[in-house]
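Each protein sequence line maps, in turn, to chains A and B.
Okay, so the first sequence: first residue is 7 according to the numbering used here, each after it adds one.
Okay, so the second sequence: first residue is 9 according to the numbering used here, each after it adds one.
Each residue gets a CB set at the ideal place from its N, CA and C atoms; glycine is no exception.
Remember, it's a predicted structure, so these values are computed and weren't measured experimentally.
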Amino acid sequence: MQMSKGYNQLGQLMISHFKEIIREPGIIFWGIVFPILMSLGLGIAFTQKQEVVRKVAVLETENAVILDSMLTIYMSDTANAEEFMVMTIENKQIGNTSFEFKPMNWNDALIALKRGVVNIIISENDGKIEYRFDPLNPDAQLSYTKLNKYFINGDPVVVENTQNIQPLTLKGTRYIDFLIPGLLAMGIMMSTMWGLSYGMIEKRSKKLLRRMVATPMKKSYFLISIMTVRMTMNFIEAVLLIVFAWLAFDITIQGSIPALLAIFIAGNIGFAGLAFFISCRTAKTEIGNGLINVVVMPMMILSGIFFSYHNFPDSLIPILQKLPLTLVADGMRSIFIEGAGFEQVTTPIAILLFGGTIFFSLGLKFFRWY
Amino acid sequence: MVSLLIEVRNVYKSFKDVKAVNGLSFSVRPGQFLALLGPNGAGKTTLVEMIEGIQFPDKGEIVIEGKTWQKHSEEIHRIIGLSLQETRFTDKLNVRETLALFASFYGLGSDRVEEVIDLVNLEEKRKSYVVNLSGGQRQRLALGISLLNNPRILLLDEPTTGLDPTARREVWAILKKLKDEANTSLILTTHYMEEAEHLCDYIIIIDHGKILREGTLDQLLFAEKGKKIAGFTLKEEGIKPEVFSNNNGFSVQWDVEKQKGNLELTNIETELPEFLHYLQTCGLTIENMEIRKISLDDLFIDLTGRHLHANE
Numbered sequence: 007m008q009m010s011k012g013y014n015q016l017g018q019l020m021i022s023h024f025k026e027i028i029r030e031p032g033i034i035f036w037g038i039v040f041p042i043l044m045s046l047g048l049g050i051a052f053t054q055k056q057e058v059v060r061k062v063a064v065l066e067t068e069n070a071v072i073l074d075s076m077l078t079i080y081m082s083d084t085a086n087a088e089e090f091m092v093m094t095i096e097n098k099q100i101g102n103t104s105f106e107f108k109p110m111n112w113n114d115a116l117i118a119l120k121r122g123v124v125n126i127i128i129s130e131n132d133g134k135i136e137y138r139f140d141p142l143n144p145d146a147q148l149s150y151t152k153l154n155k156y157f158i159n160g161d162p163v164v165v166e167n168t169q170n171i172q173p174l175t176l177k178g179t180r181y182i183d184f185l186i187p188g189l190l191a192m193g194i195m196m197s198t199m200w201g202l203s204y205g206m207i208e209k210r211s212k213k214l215l216r217r218m219v220a221t222p223m224k225k226s227y228f229l230i231s232i233m234t235v236r237m238t239m240n241f242i243e244a245v246l247l248i249v250f251a252w253l254a255f256d257i258t259i260q261g262s263i264p265a266l267l268a269i270f271i272a273g274n275i276g277f278a279g280l281a282f283f284i285s286c287r288t289a290k291t292e293i294g295n296g297l298i299n300v301v302v303m304p305m306m307i308l309s310g311i312f313f314s315y316h317n318f319p320d321s322l323i324p325i326l327q328k329l330p331l332t333l334v335a336d337g338m339r340s341i342f343i344e345g346a347g348f349e350q351v352t353t354p355i356a357i358l359l360f361g362g363t364i365f366f367s368l369g370l371k372f373f374r375w376y
Numbered sequence: 009m010v011s012l013l014i015e016v017r018n019v020y021k022s023f024k025d026v027k028a029v030n031g032l033s034f035s036v037r038p039g040q041f042l043a044l045l046g047p048n049g050a051g052k053t054t055l056v057e058m059i060e061g062i063q064f065p066d067k068g069e070i071v072i073e074g075k076t077w078q079k080h081s082e083e084i085h086r087i088i089g090l091s092l093q094e095t096r097f098t099d100k101l102n103v104r105e106t107l108a109l110f111a112s113f114y115g116l117g118s119d120r121v122e123e124v125i126d127l128v129n130l131e132e133k134r135k136s137y138v139v140n141l142s143g144g145q146r147q148r149l150a151l152g153i154s155l156l157n158n159p160r161i162l163l164l165d166e167p168t169t170g171l172d173p174t175a176r177r178e179v180w181a182i183l184k185k186l187k188d189e190a191n192t193s194l195i196l197t198t199h200y201m202e203e204a205e206h207l208c209d210y211i212i213i214i215d216h217g218k219i220l221r222e223g224t225l226d227q228l229l230f231a232e233k234g235k236k237i238a239g240f241t242l243k244e245e246g247i248k249p250e251v252f253s254n255n256n257g258f259s260v261q262w263d264v265e266k267q268k269g270n271l272e273l274t275n276i277e278t279e280l281p282e283f284l285h286y287l288q289t290c291g292l293t294i295e296n297m298e299i300r301k302i303s304l305d306d307l308f309i310d311l312t313g314r315h316l317h318a319n320e
């Protein structure tokens, strides 16, 4: 009998890793559906400017002529004392602002402030309006500014559009334009760190790595296959997110697509090196969990994925800019929204490739198959 | 001259201050089925993993077909098949895919995969995910993987631990078939005496990293030939071992915890009445008694004072 042709080792390894990923519904959800849901949620929350609601506690005091007269105007609208009384300041250009007033005593007002139900407390003393709020809270400041203007001008419920406001709703300046490249970068980091590191540690803890190296398997094939499959999955995840962002928010890539691909690959290599390094020894998934979080959590906060890192102290910014996630996110953003090409992303690509190689070599040096 | 397939020469291995393997030597001939019998922690796994090339001895030498792991790992990998204690294969790969993956490491194709599926009786589970297999089926899959490359040497580390008796017999049947074909040598570790008796023609009893006894089943039990064991319980409770240690010419092992005793008999006709009489004089009454042939477990208790099974 003629024996069938032998299976190709590298091919079988890749097929196995691939099947392992796509057969796990959780992996599909967290890798593909979750980032899309997140972009959808955050995109809608920050792009469709709805009416801004500001809730105000009004202290019940005697002889509060101004406040009483103001409240009686709106009282008729909402007879129920449990609810807030609503005053809307219309502005067609920047969106309406609704003030919701609720009379309460000092203790209730303080509790409401602590709970974040209201962010400002007003009262009347000798015909003057007094404001109480946290001066470090920008939202409370804005409430104060707007209310103050109202009480000085009398009753301009409709603000005259005397100022010349030009709303920036151009492509590339919206929050969603800032967010999508960040989510792409975060996707690379999360999928690589969890997919590669956790997968490797789990295989070690199941003694599967030990069993595999007790065969003539080429160790390099194992590493090549697991990384290639991961990178391919990351690519699919990224393409789906970009297509979704294009359909839902009309986001387009303004710069060079080859440069985007280059920083994508460099990001993958950078994180793969890091993932390989942290998973090179431990066989305990709990420790793996901790190690991955130690790498991932600080970058989630510091790398400016959801909000610009320029709010951090100036002295920190040069360091934050060198974090791998920042390098990928900033590089992608510059291509997506600033129209950057290869030249602008050469440095981050070089740093990511160099870092990835260093960590990969260190990982290999300390690697334990069992 | 019969050439030796595996030679283990004066091997030592320690972990921190535990001497796992403490100066062991033995050899395996082609076609021989050898059992390493010992309780948990006896050093069986460490020894087998050194033969498998997964661990290396601190001292001593292991030679496989005249080759060593240090110099010929590639060649040795190709002639051995092994199954580790509790390997868990990828949950979401099915039986055929798992075998195909391992077949690729040996450059084997789908024909061999199908042959092995038949050999380990997993035809009906061909397309089942590993996660959905029973303990016995997983163990047969592991055995199948170890047999893919038609190994000349098969190393199985506790292949039936944790399996129910039916599943255990299924594994034994596969190994029995392999033995009849006589192309493979086997080193099997176990703490099941029946397994060693049933499958292997040479048995090495180890404890604390040392060989206590070795030989064929007949050789091991030769010294005890004709000896019988009378297992008994008493109606009275709280019996201390001292009752039986005053040496009236009886050899009794008394288990205080379980309140069970084993009496060794060379001549039932004379010794048994004497023993019963002795009990009477002590004011003790037999509740139950069972006489059987001496087994490896009895031998092990004789050698160490402990059972092979920690839980028996």
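Buried or exposed for residue i, please, with buried defined as at least 16 other CB atoms from any protein chain shown within 10 angstroms of its CB.
{"i": "valine 245(A)", "result": "exposed"}
{"i": "serine 11(B)", "result": "exposed"}
{"i": "isoleucine 316(A)", "result": "Note that residue 316(A) is histidine in the sequence shown here, rather than isoleucine. Label assigned to histidine 316(A): exposed."}
{"i": "proline 144(A)", "result": "exposed"}
{"i": "leucine 19(A)", "result": "buried"}
{"i": "lysine 209(A)", "result": "buried"}
{"i": "threonine 221(A)", "result": "buried"}
{"i": "glutamate 130(A)", "result": "buried"}
{"i": "tryptophan 77(B)", "result": "buried"}
{"i": "methionine 7(A)", "result": "Note on methionine 7(A): pLDDT 46, under 50, position unreliable in the model; no value is reported."}
{"i": "methionine 303(A)", "result": "exposed"}
{"i": "arginine 180(A)", "result": "buried"}
{"i": "glutamate 189(B)", "result": "exposed"}
{"i": "threonine 278(B)", "result": "exposed"}
{"i": "isoleucine 40(B)", "result": "Per the sequence shown, the amino acid found at residue 40(B) is glutamine instead of isoleucine. When all chains shown are included, glutamine 40(B) counts as buried."}
{"i": "threonine 363(A)", "result": "exposed"}
{"i": "alanine 43(B)", "result": "buried"}
{"i": "arginine 216(A)", "result": "buried"}
{"i": "proline 109(A)", "result": "buried"}
When you compare only the Cα positions, how much space is there between residue i and residue j?
{"i": "serine 142(B)", "j": "isoleucine 34(A)", "result": "27 Å"}
{"i": "serine 231(A)", "j": "histidine 23(A)", "result": "8 Å"}
{"i": "valine 124(B)", "j": "arginine 314(B)", "result": "39 Å"}
{"i": "glutamate 17(B)", "j": "asparagine 102(B)", "result": "A small correction: the amino acid at residue 17(B) is arginine; glutamate does not occupy that position in the sequence shown. Going from the Cα of arginine 17(B) to the Cα of asparagine 102(B) covers about 41 Å."}
{"i": "leucine 186(B)", "j": "glutamate 94(B)", "result": "22 Å"}
{"i": "proline 354(A)", "j": "serine 262(A)", "result": "15 Å"}
{"i": "leucine 358(A)", "j": "phenylalanine 348(A)", "result": "15 Å"}
{"i": "alanine 70(A)", "j": "alanine 146(A)", "result": "22 Å"}
{"i": "tryptophan 180(B)", "j": "arginine 374(A)", "result": "34 Å"}
{"i": "serine 211(A)", "j": "leucine 92(B)", "result": "13 Å"}
{"i": "aspartate 310(B)", "j": "asparagine 299(A)", "result": "55 Å"}
{"i": "threonine 224(B)", "j": "aspartate 209(B)", "result": "6 Å"}
{"i": "lysine 177(A)", "j": "serine 340(A)", "result": "14 Å"}
{"i": "arginine 37(B)", "j": "arginine 300(B)", "result": "33 Å"}
{"i": "glutamate 82(B)", "j": "alanine 111(B)", "result": "16 Å"}
Among the options, which one has its Cα closest to the Cα of residue i?
{"i": "glutamate 30(A)", "options": "Gly205(A), Phe250(A) and Asp114(A)", "result": "Gly205(A)"}
{"i": "glutamate 243(A)", "options": "Ile207(A), Leu229(A) and Ala191(A)", "result": "Ala191(A)"}
{"i": "asparagine 48(B)", "options": "Leu242(B), Lys268(B), Asp165(B) and Ile302(B)", "result": "Asp165(B)"}
{"i": "leucine 284(B)", "options": "Val260(B), Leu151(B) and Val264(B)", "result": "Val260(B)"}
{"i": "asparagine 274(A)", "options": "Leu142(A), Asp114(A) and Phe366(A)", "result": "Phe366(A)"}
{"i": "valine 249(A)", "options": "Pro324(A), Leu119(A) and Ile186(A)", "result": "Ile186(A)"}
{"i": "isoleucine 211(B)", "options": "Leu287(B), Leu45(B), Ile14(B) and Glu202(B)", "result": "Leu45(B)"}
{"i": "asparagine 191(B)", "options": "Leu116(B), Ile87(B), Arg134(B) and Gln145(B)", "result": "Ile87(B)"}
{"i": "alanine 150(B)", "options": "Lys213(A), Leu46(A) and Ser226(A)", "result": "Lys213(A)"}
{"i": "glutamate 96(A)", "options": "Asp132(A), Val59(A) and Thr67(A)", "result": "Val59(A)"}
{"i": "leucine 48(A)", "options": "Phe255(A), Gly296(A) and Gln350(A)", "result": "Phe255(A)"}
Flag residue i as yes when its Cβ comes closer than 8 Å to any non-hydrogen atom of the ligand MG, and as no otherwise.
{"i": "phenylalanine 348(A)", "result": "Inclusion of the ligand MG in the displayed structure is not the case, the ligand content being empty and no account of it being possible."}
message: Could you tell me which whole alpha helix (DSSP H) segments of length 4 or greater appear in the segment 29-89 of chain B?
response: 52-59 and 77-87
- prompt: For the segment 76-87 of chain B, which residues have a CB atom closer than 7 Å to at least one CB atom of chain A, in sequence order?
  reply: Glu82, His85 and Arg86
- prompt: When you check each C-beta in the segment 194-208 of chain A against every C-beta of chain B, which residues fall closer than 9 Å?
  reply: none
task: Closer than 7 Å, Cβ to Cβ, to anything on chain B: give me those residues from the segment 215-246 of chain A, in chain order.
output: Arg216, Arg217, Ala220, Thr221, Pro222 and Met223
- request: Could you run through the segment 88-117 of chain B and flag, in chain order, every residue whose CB is less than 7 Å away from some CB of chain A?
  value: Leu90, Leu92, Glu94, Thr95, Arg96, Phe97, Thr98, Lys100, Leu101, Glu105, Ala108, Leu109, Phe110, Ala111, Ser112, Phe113, Tyr114, Gly115, Leu116 and Gly117
query: Of the residues that make up the segment 48-64 of chain B, which ones have a beta carbon closer than 8 Å to any beta carbon in chain A?
result: Glu60, Gly61 and Ile62
query: Listed from N- to C-terminal order along the chain, which residues in the segment 29-60 of chain A have their beta-carbon within a distance smaller than 8 Å of any beta-carbon of chain B?
result: Arg29 and Glu30
- prompt: Can you list, in chain order, the stretches of the alpha helix (DSSP H) that have 4 or more residues and sit fully within the segment 259-285 of chain B?
  reply: none
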